[in-house]
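A.B. asks:
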Amino acid sequence: MLSKQQLGSLLWGIADTGLRGKVEDYKAYILSLLFFKRLSDNYAWETSCRVKEFEGTYGTAPNDKQLTRLREEGHAFVVPSDSFWKNVRDAALEKKNERLDYAVNQIAERNPALRGIINSVRWNEPAPDGSGAKKIDPEVASSAINYLDPIPLDNSNVSPDVLGDAYEYLIKKFADENKKGATAGQFYTPPEVRDIIIRTIQPQADSTFYDPTCGSAGFLIDGAKFVKQQTGDAKRIRLFGQETIWNTWAIANINMLLHGLDAQIKQGNTVKAPWFKADESRVRQFDRVASNFPFSEENWWLNGTPKKDAKGKPVLKKNGSPQLEYPDKDEFSDRFDRLVYGIPPFSNGDFVFLQHIVASLSEKGRAGVVCPQGVLFRGQPAKTEEEDGQKRKPDDEYLIRSGFLTGIRDKDDKLVGEDTRNLIEAIVVLPDNLFYGTTIPGALVFFNKDKPADRADKVLMVYGAREGWYKETPDQNVLLPHDVLPGKHCESGAPSKRADATTADRPPQT
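Its first residue numbered 0, the sequence shown is counted upward by one per residue in numbering that gives the first Met the number 0.
1) Quick check on the DSSP output: the alpha helix (DSSP H) that includes V226 runs from which residue to which?
2) Assign Q389 to one of two classes, buried (16 or more other C-beta atoms within 10 Å of its C-beta) or exposed (fewer than that).
3) Pop quiz: S31 and S119 are said to be a contact at Cβ under 8 Å. What is the actual Cβ separation, rounded to whole angstroms?
4) With distance defined between alpha-carbon atoms, name the residue in K317, S295, P321 nearest to K307.
5) What's the C-alpha gap between P125 and A140?
6) Taking just the CA atoms, how far does Y187 sit from A174?
7) Does F331 pass the burial test, meaning 16 or more other C-beta atoms within 10 Å, or should it be called exposed?
8) Determine the extent of the beta strand (DSSP E) in which I426 is found, giving its start and end residues.
9) Can you say whether D499 is buried or exposed, counting buried as having 16 or more other CB atoms within 10 angstroms of its CB?
10) Going by beta-carbon coordinates alone, are P61 and L69 separated by less than 9 Å?
11) Should G267 go down as buried or exposed, given a rule of 16 or more other Cβ atoms within 10 Å for buried?
12) Pick helix, strand or coil for K382, following the three-state DSSP scheme.
13) Measure the C-alpha to C-alpha separation of N298 and T437 and round it to an integer number of angstroms.
14) How would you label H409, buried or exposed, when you count the other beta carbons within 10 angstroms and need 16 or more for buried?
15) Measure the C-alpha to C-alpha separation of V541 and T269 and round it to an integer number of angstroms.
16) Taking only the alpha-carbon atoms, compute the straight-line gap between F352 and P293 and give it to the nearest angstrom.
17) Ignoring anything shorter than 3 residues or poking outside the segment 264-330, list the beta strand (DSSP E) runs there in chain order.
18) Can you tell me the Cα-Cα spacing of R237 and D449, whole angstroms?
19) Put D40 into one of helix, strand or coil per three-state DSSP.
20) Which residues bound the alpha helix (DSSP H) around K95?
21) Looking at the structure shown, is S119 part of a helix, part of a strand, or coil, going by DSSP?
22) Measure how close the beta-carbons of S361 and Q475 come, nearest whole angstrom, since I'm counting them as under 8 Å.
23) Kindly indicate the opening and closing residues of the alpha helix (DSSP H) around F350.
24) Quick one: using the 10 Å Cβ neighbour count with 16 as the cut-off for buried, is Q105 buried or exposed?
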């Protein structure tokens, strides 16, 4: 059997067959082609296993009718007889794209669970210049197919764990190639960061685990692996995720299938149209939540309009994009009642995602969230006239953050209701330039709706951006294995990596 390292290196070679540089988002083409090969190879292997089982039971080879039944039944997914890998491989060069496109679409048609996943890209799409040529040159498609053809991807050669890990290796390689681009951060979170979160929130067997911005589903897969370490069975946890970008949603689903995991991963805008709901006015709650949401997303409700000057011309930012103006927040409401701590500015969605995550936690739920450090201090607290001469009220971001620590508060900073729980368990400040697609320094915020009594008014704070606690490289900072938690936790489940990490006696207000 191939090892994860051998398979990963082999599969990465597909990028050098011509797809890289010939088509945008080439990773989607490579990953969908890989998935097609896996389904086709495994179908043949499943059939051979059924034939051997038949021969062992009845002491004779199946006849033609029995063999047809053995080929058509008992498979995880249906592959039509004219849509196997060999049908594409053996097609004439000028028919290669058409045959490949036909095959993946036929498989999607026969397997509703694979629609939009295996056929997430269009292999037979015409070139946009109207020349009559193909967007993917048939020679490029043929080269990728020929490269992958001799690599056996059935269960007898590659286990789901090995194939799944090799798939994640590919995802990391794609992200590494585009470290500075925005798309890398949309689908990939460094595994060291995921590891800190997973080992802190500790997903449990027979529980639910949710990622509202799941990207390629790394958090969900790591949660299942954590449960497997505890119980021996990665399927003893129910996984849920949502992803806005179609191709990334397809990659997440393929990732799950190649790991042999069951999950509900839905496509759509988590803020405007959450898929997982308790009813039409509340989001569903989960035992564990992990997320790396888009940092400081502007226009999160999609209600901004271009600002214009006195002459009616758009007002532009320094980068050339239009400045936006937004309607009055007093007229806004969220029908899922998630923004109970306050409505943040429409120009920055950090506290929208955080409140969605809090609303998605069960009464004993815990969450670990990657955030920009700005969520720790942005916002203006209340000021008396003696303090600033204006007697300013606190802004919404301050009230939301304060609410996480001491309960929901109004514009006069007065408590609303009787719930004064401190939901924040721990804060870990991370070094800058750690994440793909941004140099913004990040932080980890851990929520716990069921903190132990002795930790009820405390927040563990860890400054993980200290010199020597991470490795600096020319392109990106990296957390090394010895920089990550050794697996030891304090009673509340928060990280206890550093002896000199401080615990606040009272919840901080900023």
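Note that the Cβ used here is the ideal one computed from N, Cα and C, for glycine as well.
Just so you know, these numbers come straight off a predicted model, no measurement behind them.
C.D. replies: The answer reads as follows:
1) Bounds of the alpha helix (DSSP H) holding V226 are 217-230.
2) It counts as exposed.
3) Indeed they touch by this definition, with Cβ atoms about 6 Å apart.
4) Ranked by how close their Cα comes to the Cα of K307, the residues K317, S295, P321 have P321 in first place.
5) In this structure, the CA atom of P125 is about 14 Å from the CA atom of A140.
6) Distance between the alpha carbons of A174 and Y187 is about 7 Å.
7) Within a 10 Å sphere around the beta-carbon of F331 sit fewer than 16 other beta-carbons, which makes this residue exposed.
8) Its beta strand (DSSP E) spans residues 423-428.
9) At D499, the pLDDT of 34 sits below 50, so the modelled position is not reliable and the matter cannot be decided from this model.
10) Against a cut-off of 9 Å, the Cβ pair of L69 and P61 comes out as a contact.
11) With fewer than 16 other Cβ atoms within 10 Å, it is exposed.
12) Residue state, collapsed to three classes: coil.
13) Going from the Cα of N298 to the Cα of T437 covers about 19 Å.
14) The amino acid occupying residue 409 in the given sequence is Asp; His does not appear at that position. Per the 10 Å Cβ criterion, exposed.
15) Any question about residue 541 goes unanswered here, given that the chain covers just 0 to 509.
16) Straight-line Cα distance between these residues: approximately 9 Å.
17) Unbroken beta strand (DSSP E) stretches of 3 residues or longer found wholly inside the segment 264-330: 276-278, 285-291, given in chain order.
18) Using only the alpha carbons, I get a separation of about 21 Å.
19) Collapsing the DSSP output to three states places D40 in a helix.
20) 95-109 is the span of the alpha helix (DSSP H), which, as asked, contains K95.
21) Correct three-state label for S119: coil.
22) About 36 Å separates the Cβ atoms of S361 and Q475, ruling out a contact at the 8 Å cut-off.
23) Looking at the DSSP string, the run of the alpha helix (DSSP H) that includes F350 is 349-358.
24) Counting Cβ neighbours within 10 Å, Q105 comes out buried, since at least 16 surround it.
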